[in-house]
Structure formats: C-alpha cells, structure tokens
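Just so you know, we're using the numbering used here here: the sequence shown kicks off at 51 and counts up by one. Virtual Cβ for every residue (Gly too), placed ideally from N, Cα, C. Below is one structure; the comments refer to it alone.
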Amino acid sequence: MINRVVLVGRLTKDPELRYTPNGIASTRFTVAVNRTFSNQQGEKEADFISCVAWRKQAENLANFMKKGSLIGVEGRIQTGSYEGQDGKRVYTTDVVADSVQFLEPRNGGGTSTPPQNNGQAYGQNQPPMNQPNYTRVDEDPFANSKGPIEVSEDDLPF
C-alpha cells in the first residue's frame with residue numbers, strides 16, 4: 051500500500067510552533083497549491099491543504115518560514131475524527147510532513163538558512179531529535195568548484 055503526497059505551494063500564514071506535554075515540537079500549517087487549470091472566468095484557483103510537521107521539521111518551519119513562503123512538502127495523508135462542541139462528529143484530513151524543503155532563495159522573502167541538525171535538542175526539556183538532514187534546494191554543492199567535475203566510472207550507481 052502506498053500513501054505518499056508531494057506538494058509545492060505557499061504558506062497561508064506564519065507557522066506557529068507548539069510543544070506536546072512530552073516536549074515534542076509540532077506545527078500545523080496550510081499550503082496554498084495552485085490548480086493546473088483555470089475556472090470558467092479564466093482565473094486560477096488554489097487548494098488549501100492542511101499539514102502538520104513534527105520535531106526538527108516543525109522547528110525549522112516556525113523559525114525560518116513565514117506567510118507567503120514557497121515550500122515543498124513530502125509526506126502522507128492521515129485522516130481522523132473527533133466530537134465537536136455541538137456533539138457532531140468532525141472529520142479531519144492532514145498531510146503529515148516527512149520532509150519540508152524551503153524553495154526560495156536564501157535572500158528572498160527574508161528567510162535564512164536553517165541550522166543543520168546535529169542531534170542536539172533545541173529548547174528546554176527537549177529529547178534529542180534523530181531526524182535526517184535535508185539539503186536546501188537552493189544550495190549548489192558545486193558553487194565553489196573550478197572547472198569540470200571529475201567523475202570516475204566507479205562512482206556511478208549504474
């Protein structure tokens with residue numbers, strides 16, 4: 051069974067960082083994703099997709115992104131329900147983010163490069179975060195190289 055989602059869109063508001071009673075960081079956010087077609091009036095429409103990020107992903111989102119920031123989200127759909135204040139059942143659908151990529155240039159939109167996760171906890175009473183490191187899309191690993199890159203046949207995966 052497969053449950054994978056990939057989104058590219060803009061944040062509809064500043065992400066708000068929260069912590070569980072056990073000290074785990076989380077943030078809920080909404081990504082506005084443009085549809086590929088126009089409506090009858092020729093206007094582009096967007097879908098507003100509810101997402102949630104945990105631990106280091108949540109901290110980086112809250113610390114470095116803001117309303118209007120262009121992001122990429124990879125994750126899975128999770129559904130749930132709860133009883134509303136009026137006693138009726140409320141159904142929820144969220145994308146749980148496994149990976150969040152910041153897609154704007156470092157100097158654009160007032161964002162800066164997030165710190166690399168070195169396994170140390172952030173904040174007080176935080177458990178160590180064992181999340182993988184992700185490379186920003188706008189970082190060019192070959193920016194400082196002079197001339198062509200040498201690659202041997204042994205380095206190729208095929």
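For residue j and residue i, the rounded distance between their alpha carbons
i    : j    : result
V55  : S149 : 11 Å
Q91  : D144 : 30 Å
S131 : S76  : 19 Å
D110 : G59  : A small correction: the amino acid at residue 110 is Asn; Asp does not occupy that position in the sequence shown. Cα to Cα, the separation comes out at about 17 Å.
P279 : G73  : Residue 279 cannot be examined here, being either before or after the span of the chain that is shown, 51 to 208.
I52  : L153 : 26 Å
L57  : Q135 : 32 Å
R105 : N89  : 39 Å
L80  : E66  : Note that residue 80 is Thr in the sequence shown here, rather than Leu. For T80 and E66, the distance between alpha carbons rounds to 11 Å.
Close-in-space but distant-in-sequence residues of the same chain around residue i (CB under 6 Å, 5 per side omitted)
i    : result
R78  : V102
N84  : K94 and A96
G137 : none
A147 : C101, A103, Q107, V123 and G125
CA nearest to the CA of residue i, picked from the options
i    : options                 : result
I121 : M51, L61 and G137       : L61
V82  : R68, Y69, S119 and E133 : What sits at residue 82 in the sequence shown is Ala, not Val. The option with the nearest alpha carbon to A82 is S119.
Neighbourhood of residue i by C-beta, 7 Å cutoff - its chain only, sequence neighbours within 5 removed
i   : result
D64 : K116 and K117
Requested in this report: Please confirm if the segment 126–137 is in contact with the segment 107–115, defined as three or more CB-CB distances below 8 Å between the two stretches.
Outcome: no
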